[in-house]
Amino acid sequence: MRRVLILFTLASLCITAFLPTAAALPQSPFPTVHAAMQTAYFWIVKLAQPDKVILSNQQIAAYNQSVIRDLPRTVYNVLDYPAVLSHSELQALLNERPFPHENRYLRGQLIQSSFYAELNRIMNAGQIAATNPVHYAFAVRRTDLRAFPTAEIVTKTPKDTEFDRFQETAVLAAEPLLILHGSSDDRWYFVQTGNYRGWVKANDLAVTKDKQKWAAYIRSKQFLVITGNKMQLGYNPYSPAVSRLELGMGTRLALADASQIPELVDHQSPAGNYVVRIPVQGANRELQFHLALIPIYSDVSEGYLPYTRANIIRQAFKMQGERYGWGGMFGARDCSAFVTDIFRSFGIMLPRNADEQETAPGRTLVFGSGQPATARYAALGKMAAGAVLFKEGHVMLYLGEYNGRHYIIHDVSGSGNFSATGSRGSAERKTLNGVMVTDLALPLPGGYSFIDVLTSAKQYE
């Protein structure tokens, strides 16, 4: 027991040695958040069993099947998707997202009906056949998934630059997709990912009709997972397709078999590197795979990260300070993508949007309408750190209690005016636009705080 205690103390000292001091950390603008609370370590050491595995890989696979079963039109195992869609099936998918009836603006000008007529033409619904074979693809770079086949920024107000209403989500490099349909100008594909549908630029995909070739990569048993917020491959003068390629948290890359690794990879020895196979475009966007090197010091994991509360918190704090990006705008994330990418690191499949994530299976605590804050805090105290909390249109990660207050880390666009005294009752909105630690007493415009409007809390287990 004494030896274990000594080892634990030494390990703690080693960890602490690499942590910034409180004086070196930036001061939070929130009065209840001091500098040390902006580190993962602060919250992890409070946990009784931070490294206890919540679910094994086999249990995560079973959990994913329950997500697919419970949300059959939201989350998919892309390997099980039908090989052919009928005319009516494909038409229904293309029509499930109607053009806006409300006023929308493009470059500050009110959008006219002619804009939607042109989009309708590009969507190419007239070319839907009686039977429509599904093709297979991987994204060759991080790309946007759009509501309609256009890169134009469409907003609710003339001066808005941060909320593109046609932006749905981001697709990661090497993420598998199903191609369901193509645009009339051959510049866009209508696709299905594991948790979303929409339009993606055709030049950002490597495509094949060979399902076995595509599926073999997805089924690779030896793979690397990007566990840092983002990483970039090194400059490669021999292969522009992978040179400085950005890889986001949760990206899964097949490791090359030892027999496939040459003496040199793009004129560099693979010594000191992981060798991965990355999907790239060949001629006519045809799917090919290229070997690439990832230094072994990188923030990566061989296989998925162990699903522990400590790892959930670590993953969340790797994104702290990143700018908020609606639907993945600015190469960033919004609140639900923040949660998706954390849990993607463990191999957990979640829906894309916050309201859908709230309906996913798990240990769930539902807050009653009108339930007082004191009762909400008492109930929340029974949830473990790493749980996700929901209010209408927003999802947060629970960190735990400290000095009688309950804390979260979340990717948040705004709040009420927390700097003003007597802010309760104020309708003023304060812009935040980033990943940050706050407590649940943070006010909202209209006289409430976050704790007042929570709808549920959930542990994905």
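Going left to right, the sequence shown walks through residues -23 to -1, 1 to 438 as mature numbering (1 follows the signal peptide of the UniProt record, and there is no 0) numbers them.
Note that CB positions come from ideal geometry on N, CA and C, so glycine has one too.
With distances taken Cα to Cα, identify the nearest neighbour of residue i among the options.
{"i": "alanine 106", "options": "Leu67, Pro3, Ala12, Pro153", "result": "Leu67"}
{"i": "glycine 358", "options": "Gly370, Gly377, Pro349", "result": "Gly377"}
{"i": "alanine 147", "options": "Leu224, Gly345, Glu438", "result": "Leu224"}
{"i": "aspartate 416", "options": "Gly85, Arg119, His158, Ile385", "result": "Ile385"}
{"i": "tyrosine 379", "options": "Pro3, Ile21, Pro6", "result": "Ile21"}
{"i": "glutamine 245", "options": "Pro214, Leu122, Gly423", "result": "Pro214"}
{"i": "phenylalanine 320", "options": "Ala337, Ile289, Cys312, Pro75", "result": "Ile289"}
{"i": "threonine 9", "options": "Tyr53, Arg382, Asn54, Asn41", "result": "Arg382"}
{"i": "phenylalanine 307", "options": "Lys435, Ala94, Asp121", "result": "Asp121"}
{"i": "arginine 262", "options": "Cys312, Val117, Ala355", "result": "Val117"}
{"i": "leucine 210", "options": "Ser275, Leu2, Arg81, Gly227", "result": "Ser275"}
{"i": "asparagine 97", "options": "Asp311, Arg119, Arg74, Asn109", "result": "Arg74"}
{"i": "aspartate 187", "options": "Gly339, Asn394, Ile156", "result": "Ile156"}
{"i": "tyrosine 173", "options": "Glu335, Pro247, Asn54, Gln199", "result": "Asn54"}
{"i": "phenylalanine 309", "options": "Arg119, Thr108, Ser5, Tyr82", "result": "Residue 309 is actually alanine in this sequence, not phenylalanine. Comparing Cα positions, the closest option is Arg119."}
{"i": "glycine 175", "options": "Gln199, Phe19, Thr51", "result": "Thr51"}
{"i": "glutamine 436", "options": "Pro272, Gly363, Pro239, Pro77", "result": "Gly363"}
{"i": "alanine 192", "options": "Tyr58, Cys312, Gln4, Gly103", "result": "Tyr58"}
{"i": "arginine 229", "options": "Ser91, Pro422, Ala150", "result": "Ala150"}
{"i": "leucine 56", "options": "Ser91, Gly324, Val168, Gln189", "result": "Gln189"}
{"i": "alanine 337", "options": "Ile325, Gly345, Asp28, Asn80", "result": "Ile325"}
{"i": "alanine 331", "options": "Cys312, Val343, Phe143, Pro6", "result": "Cys312"}
{"i": "arginine 123", "options": "Asn80, Val168, Pro272, Gly424", "result": "Val168"}
So, is the C-beta of residue i closer than 9 Å to a C-beta in chain D?
{"i": "isoleucine 203", "result": "No chain D is part of this structure, which consists of one protein chain only."}
Under 9 Å between the Cβ atoms of residue i and residue j?
{"i": "threonine 351", "j": "serine 433", "result": "no"}
{"i": "glycine 161", "j": "methionine 100", "result": "It should be pointed out that residue 161 corresponds to serine in this sequence rather than to glycine. Yes. Within cutoff."}
{"i": "glutamate 333", "j": "aspartate 388", "result": "no"}
{"i": "valine 257", "j": "serine 216", "result": "yes"}
{"i": "arginine 286", "j": "glutamine 26", "result": "yes"}
{"i": "leucine 419", "j": "serine 392", "result": "yes"}
{"i": "leucine 71", "j": "histidine 11", "result": "no"}
{"i": "leucine 232", "j": "valine 252", "result": "yes"}
{"i": "glutamate 152", "j": "threonine 170", "result": "yes"}
{"i": "methionine 226", "j": "isoleucine 203", "result": "yes"}
{"i": "glutamate 145", "j": "arginine 329", "result": "yes"}
{"i": "tyrosine 40", "j": "glutamate 438", "result": "yes"}
{"i": "lysine 295", "j": "asparagine 206", "result": "yes"}
{"i": "tyrosine 93", "j": "proline 135", "result": "no"}
{"i": "proline 247", "j": "isoleucine 238", "result": "yes"}
{"i": "leucine 2", "j": "alanine 13", "result": "yes"}
{"i": "asparagine 109", "j": "valine 61", "result": "yes"}
{"i": "alanine 293", "j": "alanine 17", "result": "yes"}
{"i": "leucine 241", "j": "valine 184", "result": "no"}
{"i": "phenylalanine 344", "j": "alanine 356", "result": "yes"}
Along the alpha helix (DSSP H) that carries residue i, what are the first and last residues, could you check?
{"i": "tyrosine 18", "result": "17 to 21"}
{"i": "leucine 357", "result": "350 to 357"}
{"i": "glutamine 334", "result": "331 to 336"}
{"i": "alanine 314", "result": "312 to 321"}
Where does the unbroken beta strand (DSSP E) through residue i begin, and where does it stop?
{"i": "phenylalanine 294", "result": "That residue, phenylalanine 294, is in no beta strand (DSSP E); its alpha helix (DSSP H) goes 286 to 294."}
{"i": "lysine 178", "result": "174 to 178"}
{"i": "arginine 46", "result": "Taken as a continuous stretch (DSSP letters only), arginine 46 belongs to no beta strand (DSSP E), being part of the alpha helix (DSSP H) at 34 to 47."}
{"i": "glutamine 199", "result": "Glutamine 199 -> no beta strand (DSSP E), and no H or E assigned at all."}
{"i": "residue 440", "result": "As shown, the chain starts at -23 and ends at 438. That puts residue 440 outside it, with no answer to give."}
{"i": "arginine 340", "result": "340 to 343"}
{"i": "alanine 192", "result": "Looking at the DSSP string, alanine 192 is not in any beta strand (DSSP E); the run it does join, the alpha helix (DSSP H), is 188 to 195."}
{"i": "threonine 146", "result": "144 to 148"}
{"i": "proline 153", "result": "153 to 159"}
{"i": "valine 61", "result": "61 to 63"}
{"i": "tyrosine 281", "result": "Here tyrosine 281 belongs to no beta strand (DSSP E), and DSSP marks it neither H nor E."}
{"i": "threonine 120", "result": "120 to 123"}
{"i": "phenylalanine 115", "result": "112 to 116"}
{"i": "residue 439", "result": "Outside the shown range of the chain, which is -23 to 438, sits residue 439, and nothing can be said about it."}
Quick check: is any heavy atom of the ligand GDP less than 8 Å from the C-beta of residue i?
{"i": "alanine 269", "result": "In the structure shown, the ligand GDP is absent, as is every other ligand, since no ligand is present at all."}
message: With three or more C-beta pairs closer than 8 Å as the rule, is the stretch 50 to 68 touching the stretch 114 to 127?
response: no
- prompt: Does the stretch 427 to 434 touch the stretch 406 to 413, meaning 3 or more C-beta pairs lie closer than 8 Å?
  reply: no
query: Between the stretch 112 to 119 and the stretch 131 to 143, are three or more C-beta pairs nearer than 8 Å?
result: no
The stretch 275 to 285 in contact with the stretch 23 to 39 per 3-pair CB rule at 8 Å: yes
message: Could you tell me which whole alpha helix (DSSP H) segments of length 4 or greater appear in the stretch 67 to 109?
response: 90 to 100
- request: Tell me the start and end of each unbroken beta strand (DSSP E) in the stretch 364 to 438 that is at least 3 residues and wholly inside, in chain order.
  value: 365 to 368, 371 to 379, 382 to 393, 406 to 416, 433 to 436
- request: Count the CB pairs spanning the stretch 47 to 66 and the stretch 311 to 321 that are closer than 8 Å, and state whether there are at least three.
  value: no
query: Where are the beta strand (DSSP E) runs, 3 residues long or more, that stay fully inside the stretch 206 to 278, in chain order?
result: 207 to 209, 223 to 225, 229 to 232, 250 to 258, 264 to 272
The stretch 77 to 89 in contact with the stretch 363 to 374 per 3-pair CB rule at 8 Å: no
query: Would the stretch 179 to 187 and the stretch 162 to 171 be scored as touching if the rule is three or more Cβ pairs under 8 Å?
result: yes
message: Is it the case that the stretch 295 to 311 contacts the stretch 258 to 270, given that we only count it when at least three CB pairs across the two stretches are under 8 Å?
response: no
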